[in-house]
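To keep things clear, I will list the structure first and then write my remarks on it.
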Amino acid sequence: MKRSERLSRESKNARTNTQNAPHYNTYYQPVGAPPKKQKGKGLFFKIVIGLIIIVAIFFGVMYAMSSKANVDDLKTIKDKSTYVPVSDMPNYTKGAFISMEDERFYDHGAFDVKGIFRALFSTLSDHNVQGGSTISQQVVKNYYYDNEQSFTRKVKEIMVASRMEHEYSKNEILSFYINNIYYGDNQYTIEGAANHYFGTTTVKDSQNMPTITVLQSAILASKINAPSVYDVNDMSQNYVNRVKINLEKMKQQGYINEEQYKTALAQLGV
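For the sequence shown, UniProt numbering begins at 1 and goes up steadily by one.
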């Protein structure tokens, strides 16, 4: 056999053997070489962990600062000469404040998630800034943080309100609220305001003075939003409309009946 023919046959056999040989998927990696790291994923987890640490530190500081507020000090509100607990008032009087400020007062704790979202929705839809604070939060704000306006105040306010909710009943908290807010003309309790503006008392079935009426209760509850602007003796149309809304809410929530509602509107002159 010629040399050229022999080489040609060997080359053909080699190609055939190669085609028939099994193939395996193998990956080559040098010995000792570390696996490649996914830099994006590692950076994401570092950022998340960092944020968690920052938030934890922030709330830790807020908790420490809010702990300086002693909720036992709220009892001093009871020492006011014109302090009257809501248990001694007509149901419609406390209802006027609950309807206007925090209609779910008896159903939630220190803060109301539904109320926050409702206030946010009203702000966005009506372009009118609405507050989402509960009565409990307002008690804390008025007593401890009246002149402080910030996000950190809001956080401290909720923390202190949570402690207050564990120590006092809802009626005690409501009593603190309506006996420690400004009604105008240097009046800071509802009894003082009722005496001053109407010559009435918030004590139900009193033998010494006439008891505050449904309309008078609604007028005072509506006044605290802008006590220096709303004038009881010369009510603006905006003030009248606010009182009407309050009366409607009082009826809807069962604090007054249809007859009381119509009587109050007639007295209001609408």
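Cβ coordinates follow ideal geometry from the N, Cα and C atoms, glycine included. Just so you know, these numbers come straight off a predicted model, no measurement behind them.
Given 8 Å as the limit, is there contact between the region 150-165 and the region 77-96, that is, 3 or more CB pairs closer than that?
Not touching, per the Cβ criterion.
Would you list the one or two residues that DSSP bridges to T211?
DSSP lists T201 as partners of T211.
Is the shortest distance between the beta-carbon of T134 and the beta-carbons of chain D less than 8 Å?
Included in the structure is just one protein chain, with no chain D present.
K68, DSSP secondary structure in three states
In this structure, DSSP gives K68 a state outside helix and strand, which the three-state scheme calls coil.
Span of the alpha helix (DSSP H), counted from its first residue to its last, around L74:
From DSSP, L74 is part of no alpha helix (DSSP H); its letter is neither H nor E.
Whether S99 touches N171 by CB criterion (8 Å)
Against a cut-off of 8 Å, the Cβ pair of N171 and S99 comes out as no contact.
What does a CB cutoff of less than 7 Å around I53 pick up in its chain, not counting 5 residues either side in sequence?
Here the set comprises nothing.
Leaving out five residues before and five after I224 in sequence, what residues of the same chain have Cβ atoms less than 6 Å from its Cβ?
I181.
Taking 8 Å as the threshold (C-beta atoms), are Y183 and L220 in contact?
Cβ atoms of L220 and Y183: closer than 8 Å.
Could you give the DSSP three-state label for N246: helix, strand or coil?
In the three-state reduction of the DSSP assignment, N246 falls in the helix class, which pools H, G and I.
Cβ-based burial, S81 [other Cβ within 10 Å; buried from 16]:
Under this definition S81 is an exposed residue.
Out of A96, L43 and K141, state which residue places its alpha-carbon closest to the alpha-carbon of I212.
Of the candidates A96, L43 and K141, the residue whose Cα lies closest to the Cα of I212 is A96.
Is the Cβ-Cβ distance between V160 and A69 less than 8 Å?
Yes, these two residues count as a Cβ contact at 8 Å.
With DSSP as the reference, label N225 as helix, strand or coil.
Residue state, collapsed to three classes: coil.
Count the other CB atoms, across all protein chains shown, that sit within 10 Å of the CB of E258; report buried if there are 16 or more and exposed otherwise.
Result: exposed.
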